[in-house]
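A short write-up of the structure that comes next.
In the numbering used here, the protein residues as written are 246 to 426.
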């Protein structure tokens, strides 16, 4: 029985990465700083993966982003902090809703919706703080533009597109948030 669950977890992990890549690939051409950052609508998956898939979703976001860096020729040593940030950012959302919040996850009321949006902005700030110093070491990279792009990508897409998708998945498709511990 344990093997069956383990196999399903691996399959779910691979499917999450594939979905990430399907959403990410078409937008890879929208480069802001070639080789370092681009417009990333795929970030809309952050709240979805964090809330519904927990640590597995966080890991699939980090791995999916690393795969995109490799196949697009954007692999630099700064991808290591990027990998960490792309796991830790969604993990903040997961951790809040499963360990800190006194209420079950639901975006049906304005208070929880604002909390969730604030979490996303906080997550974006943390990710920007982790990745930007590593990229700043490269000559010719406009650090201010890079940091702004990361902050906007990791806050606007998850709030503007990710939250509505999360609500749709929970309310209409019956997805359950990861359980409280």
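For glycine and all other residues, C-beta sits at the position ideal for the given N, C-alpha and C.
query                                                                                           : result
Cβ shell of residue 352 (< 8 Å), same chain only, five flanking positions each side left out    : 358, 361, 408, 411, 412, 415
Nearest-angstrom Cβ-Cβ length linking residue 291 and residue 306, presumed shorter than 8 Å    : 6 Å
The stretch 368-376 contacting the stretch 317-328, beta-carbon criterion three pairs below 8 Å : yes
Collapsed DSSP secondary structure at residue 283 in the structure displayed                    : strand
Residue 300 versus residue 323: straight-line alpha-carbon distance, rounded                    : 23 Å
Exposure of residue 389, with buried meaning 16 or more beta-carbon neighbours within 10 Å      : exposed
Cα-Cα separation, residue 380 to residue 283                                                    : 14 Å
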